[in-house]
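Residue numbers (my numbering), protein chains in the order written: chain A, 1 to 206; chain B, 1 to 613.
Every residue, glycine too, gets a C-beta built ideally from N, C-alpha and C.
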Amino acid sequence: MIEFPNLTIESDTVNFLLVGVGGQGTILASNVLAELGLASGYDVKKAEVHGMSQRGGSVISHLRWGESVYSPIIPKGEADIMISFEKLEALRFIDMLRPGGLILINDYEIVPVTVSSGAAIYPTDEYISNVIQTYTNQAYWVKGVEIAESLGMTKASNVVLLGALSALLGMASDSWLQVIGSRVPTKSLALNQQAFELGRLAIING
Amino acid sequence: MKRLLSGNEAVARGAWEAGCKVASGYPGTPSTEIIETFSLYPNVYAEWATNEKVGLDAAIGAAYAGRRAISTMKHVGVNVAADSLFYAAMTGIEAGLVIVSADDPAMHSSQNEQDNRQYAKFARIPCLDPSDSQEAKDFTIAGFDLSEQFDTPVLLRMTTRVCHTSSPVEVFEQQASVPEPHKYPRNPAKYVMIPANARQRHPVIETRIVDLSVFAETFPHNRIEWRQKDLGIITGGIAYQYAREVFPDASILKLGMVYPLPEKMIKKFASQIKKLIIMEELDPFIEDQVRLMGVEIYRPQDIELNNYPMTKSVFPMFGEFSPAVIRIEAKRAGLYDGKIPDSIPDLILELPPRPPTLCPGCPHRSSFYVLSKLKLPVNGDIGCYTLGIAPPLKITDTCGCMGAGIGVAHGASIAGDSERHVAVIGDSTFFHSGVAPLINVAFNRSNVITIIMDNRITGMTGHQQNPGTGKTLMNQDTVEIDIEAMVKACGIKKVLTVAAYDVELIEKTLKQWMKEDGPAVLITREECALLPTARKKYISLQVTDQCNGCTVCFRIGCPAILKSEALDPKYNRPLAEIDSQLCTGCEICAQVCPRDAILFRDQVKMLQGKAKD
Numbered sequence: 001m002i003e004f005p006n007l008t009i010e011s012d013t014v015n016f017l018l019v020g021v022g023g024q025g026t027i028l029a030s031n032v033l034a035e036l037g038l039a040s041g042y043d044v045k046k047a048e049v050h051g052m053s054q055r056g057g058s059v060i061s062h063l064r065w066g067e068s069v070y071s072p073i074i075p076k077g078e079a080d081i082m083i084s085f086e087k088l089e090a091l092r093f094i095d096m097l098r099p100g101g102l103i104l105i106n107d108y109e110i111v112p113v114t115v116s117s118g119a120a121i122y123p124t125d126e127y128i129s130n131v132i133q134t135y136t137n138q139a140y141w142v143k144g145v146e147i148a149e150s151l152g153m154t155k156a157s158n159v160v161l162l163g164a165l166s167a168l169l170g171m172a173s174d175s176w177l178q179v180i181g182s183r184v185p186t187k188s189l190a191l192n193q194q195a196f197e198l199g200r201l202a203i204i205n206g
Numbered sequence: 001m002k003r004l005l006s007g008n009e010a011v012a013r014g015a016w017e018a019g020c021k022v023a024s025g026y027p028g029t030p031s032t033e034i035i036e037t038f039s040l041y042p043n044v045y046a047e048w049a050t051n052e053k054v055g056l057d058a059a060i061g062a063a064y065a066g067r068r069a070i071s072t073m074k075h076v077g078v079n080v081a082a083d084s085l086f087y088a089a090m091t092g093i094e095a096g097l098v099i100v101s102a103d104d105p106a107m108h109s110s111q112n113e114q115d116n117r118q119y120a121k122f123a124r125i126p127c128l129d130p131s132d133s134q135e136a137k138d139f140t141i142a143g144f145d146l147s148e149q150f151d152t153p154v155l156l157r158m159t160t161r162v163c164h165t166s167s168p169v170e171v172f173e174q175q176a177s178v179p180e181p182h183k184y185p186r187n188p189a190k191y192v193m194i195p196a197n198a199r200q201r202h203p204v205i206e207t208r209i210v211d212l213s214v215f216a217e218t219f220p221h222n223r224i225e226w227r228q229k230d231l232g233i234i235t236g237g238i239a240y241q242y243a244r245e246v247f248p249d250a251s252i253l254k255l256g257m258v259y260p261l262p263e264k265m266i267k268k269f270a271s272q273i274k275k276l277i278i279m280e281e282l283d284p285f286i287e288d289q290v291r292l293m294g295v296e297i298y299r300p301q302d303i304e305l306n307n308y309p310m311t312k313s314v315f316p317m318f319g320e321f322s323p324a325v326i327r328i329e330a331k332r333a334g335l336y337d338g339k340i341p342d343s344i345p346d347l348i349l350e351l352p353p354r355p356p357t358l359c360p361g362c363p364h365r366s367s368f369y370v371l372s373k374l375k376l377p378v379n380g381d382i383g384c385y386t387l388g389i390a391p392p393l394k395i396t397d398t399c400g401c402m403g404a405g406i407g408v409a410h411g412a413s414i415a416g417d418s419e420r421h422v423a424v425i426g427d428s429t430f431f432h433s434g435v436a437p438l439i440n441v442a443f444n445r446s447n448v449i450t451i452i453m454d455n456r457i458t459g460m461t462g463h464q465q466n467p468g469t470g471k472t473l474m475n476q477d478t479v480e481i482d483i484e485a486m487v488k489a490c491g492i493k494k495v496l497t498v499a500a501y502d503v504e505l506i507e508k509t510l511k512q513w514m515k516e517d518g519p520a521v522l523i524t525r526e527e528c529a530l531l532p533t534a535r536k537k538y539i540s541l542q543v544t545d546q547c548n549g550c551t552v553c554f555r556i557g558c559p560a561i562l563k564s565e566a567l568d569p570k571y572n573r574p575l576a577e578i579d580s581q582l583c584t585g586c587e588i589c590a591q592v593c594p595r596d597a598i599l600f601r602d603q604v605k606m607l608q609g610k611a612k613d
């Protein structure tokens, strides 16, 4: 059993699944979570596939903390916590989520070429919400890009989401900020800290 | 101290800690980060070679000269380097030589999923198969020691999930003390593989592999984990992790060295186990050897024994493992009675796919657009430009391996195919293996038109330097090889270098060449739009009210061009819209627009200037 102040994981491994689109900073976010797990004394595995996915394709990062972590891939339907950096990708990987698991969704749309070329239709917000509802009632939406843009740094939407996650788990900011500080360039550190705090506030203020 | 490292970073760390001095290889997913990381350590030399064979020869040369050396490549790179692998297996070395093969089960970014453990058996060299980052580091170090102890190259076989999974690794700040290299060996009986010497060496390497199989019995990374004895699993590499995940109570024989195998240890393990299974991705590499030892392996009832040559009992021969794959197959085989995952619901399968595409601003797009108009057969190659296969461009007709396109186009031409063939190849791939087939085109006078897409970098693997870029991996200035001069020296008379974004010139040139006989080479030159220097030049273009939704710009397949919700009043067609976040201002769309409804960079700048005034 792994306990966060606001969330108890029944098994001895906690599984984070991060999904998004190439270029959104999912890898930095999963690196931060991995370092945080290591700093908390856990065995950690973080798996992602590089290569083709960087050309605007779907990206997925598996992250697991536990006493001993074996498979680098989260078994289907066993992600305890899912962070989706893009709405359509939340839906694409929703069956990875443990029924009733926690999902944090960046309220942001990146139109795939299949949609912009007119070959397919992007699902509506209502449809996305309804499908996610059938898997869990623990879905949280954060306008990560809008918040990051308000700081003049669109790229920091990943850090906004990390801030939101820290609040959802009920964890204090310190250890997160310490890891983030070691991972971002010094000149953008202050902005990243603000992005993190705004992400927390987005959850705390609902 | 424990540090979080990917498998690739751990190999680099292991090599450094082992006192490895030289790394040479060719970029290829999932191996690329090993050499990139290694190059950052002090007191080492690392380079990108022109191809895997050249890289392996360099590493062999360093090992002959008494310096520990590593050569890295993706699995198919070993095919390119195989000739060198086999002579090095015959000669042995003076200092440790580790060859890393990064295999790609599931073909995340490869043309096949060959199982390179087979190369170890084929060449009679030991193969180590790590299952996580700690082992990736430990096995690299063990590989150098083994290499010297048994006078053999060692194959370190990684897979995508090991390469690109990060896990904690115990690191040391100190390097192993390696003996100082002595005088370069003058030992022709060992190092000059003329038949007379090679005949002497062959028995030596057959004896060596027998010695290694004895050593394998006590190799500390081959171990038995005793738990319940109803089910016993022999496994190695990443499959070990899935064995532990799905069968936490089973006994496991964990093989760190998968060739040669410890026969006594295997028989001892098997003798105490009720049901013995082998868990390994891809080929029945361990399984077939264990079966040859006369050891009984569990076979589920429903497996047909007559499906030769497929000899795997339980798990699939293709794709990569996951807990889901293991659970499903184990349940079918009667080895697992837990839950298995449901299949993916239709509503997810029906979502709009998000395939990889050519980036906005990609300099390959213009040639592909022209080729899609000309409807010529295109023999493609390996690199970002393989994405020319994606709709709406859909121009690639064949793509097999690095450097194949020119030769395959030549083959069609000499066979008398009535259409004119175009071979498409990138700059790095041209240096890798495009030169020899181009010489063949000139030498044997075929009609192939080759387009060398020179984007000034090795793109797909994430921007590595190559002989055309003027920089080495270690960021030293170096010669910038002139592709045009090289093509001429290959005997091609008709050569033209054009700006890659110049749609009109590319179209005019290709149309002219189609009317003329003889080989020709078009070099389209423009740096990759993702390079930092290119990013500085980004400007978003704009669509004017002249757009009537004619769809021509949609046909270039640029992710920055969207169908807007506004319709043209006359034709009721969606108008074009440019995503200002994605557009780089390459102007390909502006050039193809028949109504001049997309502003060029200068026009945009003028407009912005006016807005400021």
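Query: In chain order, what are the residue ranges of uninterrupted alpha helix (DSSP H) at least 4 long that sit wholly in the region 382 to 461 of chain B?; Result: 404 to 414 and 435 to 443
Query: Could you tell me if Asn572/B is buried or exposed, where buried requires 16 or more neighbouring beta carbons within 10 angstroms of its beta carbon?; Result: exposed
Query: Quick check on the burial criterion: 16 or more other C-beta atoms within 10 angstroms. Buried or exposed for Val21/A?; Result: buried
Query: Considering only residues of the region 17 to 76 of chain B, which uninterrupted beta strand (DSSP E) runs meet the minimum length of 3 residues and lie entirely inside it, listed in chain order?; Result: 22 to 25, 45 to 48 and 69 to 74
Query: Output yes or no for whether 8 Å exceeds the beta carbon distance between Phe321/B and Ile238/B.; Result: yes
Query: Using 10 angstroms around the beta-carbon of Phe443/B, count the other beta-carbons present and answer buried if the total reaches 16, otherwise exposed.; Result: exposed
Query: Residues in the same chain with beta-carbon distance under 7 Å from Leu387/B, minus the five sequence neighbours each way, listed in chain order, please.; Result: Pro356, Thr357 and Leu358
Query: Could you name the residues of the same chain whose beta carbon sits closer than 8 Å to that of Lys190/B, not counting the 5 residues immediately before and after it, in chain order?; Result: Thr91, Gly92, Asn197 and Arg201
Query: If you follow the beta strand (DSSP E) that Leu191/A is part of, which residue opens it and which one closes it?; Result: Segment Leu189 to Ile204 is the alpha helix (DSSP H) holding Leu191/A; no beta strand (DSSP E) there.
Query: Any residues in the region 553 to 570 of chain B with a beta carbon nearer than 8 Å to a beta carbon of chain A? Which ones, in chain order?; Result: Phe554, Gly557, Pro559, Ile561, Leu562 and Lys563
Query: Taking 8 Å as the cut-off, does the region 388 to 400 of chain B touch the region 339 to 348 of chain B (at least 3 CB pairs, one atom from each stretch)?; Result: no
Query: Flag Asp43/A as yes if its beta-carbon sits less than 8 Å from any beta-carbon of chain B, otherwise no.; Result: yes
Query: Who pairs with Asp103/B in a beta bridge, going by DSSP?; Result: Thr159/B
Query: Look up Met279/B in the DSSP assignment and give the residues it is bridged to.; Result: Thr235/B
Query: Near Val552/B, what residues of its chain come up, given a Cβ to Cβ distance below 7 Å and the 5 sequence neighbours on each side ignored?; Result: Val592, Cys593 and Pro594
Query: Using beta-carbon positions only, say whether Asp107/A and Lys76/A come within less than 8 Å of one another.; Result: no
Query: With respect to the beta strand (DSSP E) encompassing Gly66/A, which residues constitute its N-terminal and C-terminal limits?; Result: Ser58 to Gly66
Query: Could you spell out the range, first to last residue, of the beta strand (DSSP E) harbouring Ala566/B?; Result: Ile561 to Leu567
Query: Suppose you measure from the CA of Val159/A to the CA of Ala195/A; what does that come to, to the nearest Å?; Result: 6 Å
Query: If you draw a straight line from the alpha carbon of Gly19/B to that of Glu36/B, how long is it in whole angstroms?; Result: 17 Å
Query: Using the Cα positions of Lys229/B and Leu282/B, report the straight-line distance between them to the nearest angstrom.; Result: 26 Å
Query: DSSP puts Gly20/A in a beta bridge; with which residues?; Result: Val59/A
Query: Tell me, which residues are paired with Lys268/B by DSSP?; Result: Its beta-bridge partners do not exist; DSSP assigns none.
Query: Going by the DSSP bridge assignment, what does Lys254/B pair with across the sheet?; Result: Arg223/B and Thr235/B
Query: Could you tell me the distance, in whole angstroms, from the CA atom of Val76/B to the CA atom of Gln114/B?; Result: 8 Å
Query: Hey, out of Leu575/B, Pro300/B and Ala436/B, whose CA is closest to Asn51/B's CA?; Result: Ala436/B
Query: Counting Cβ pairs, one atom from each stretch, are 3 or more of them under 8 Å apart for the region 557 to 565 of chain B and the region 484 to 503 of chain B?; Result: no
Query: Going by DSSP in three states, Gln301/B sits in which element: helix, strand or coil?; Result: coil
Query: Buried or exposed for Glu126/A, going by 16 or more other Cβ atoms inside 10 Å?; Result: exposed
Query: Would you tell me roughly how many angstroms separate the C-alpha atoms of Cys586/B and Gly361/B, rounded to the nearest one?; Result: 5 Å
Query: If you reduce the DSSP assignment to three classes, tell me which class Ala520/B lands in.; Result: strand
Query: Are the C-beta atoms of Pro664/B and some chain A residue less than 8 Å apart?; Result: Look at the range of chain B in this structure, 1 to 613, and you will see that residue 664/B is not part of it.
Query: What are the start and end residues of the beta strand (DSSP E) that includes Val44/A?; Result: Asp43 to Glu48
Query: If we ignore side chains and look at the alpha-carbon of each, how far apart do Leu36/A and Ile598/B end up?; Result: 48 Å
Query: Give the single residue among His410/B, Gly549/B, Ile556/B and Ser580/B whose Cα lies nearest to the Cα of Asp568/B.; Result: Gly549/B
Query: Can you tell me whether Glu170/B is helix, strand or coil according to DSSP?; Result: strand
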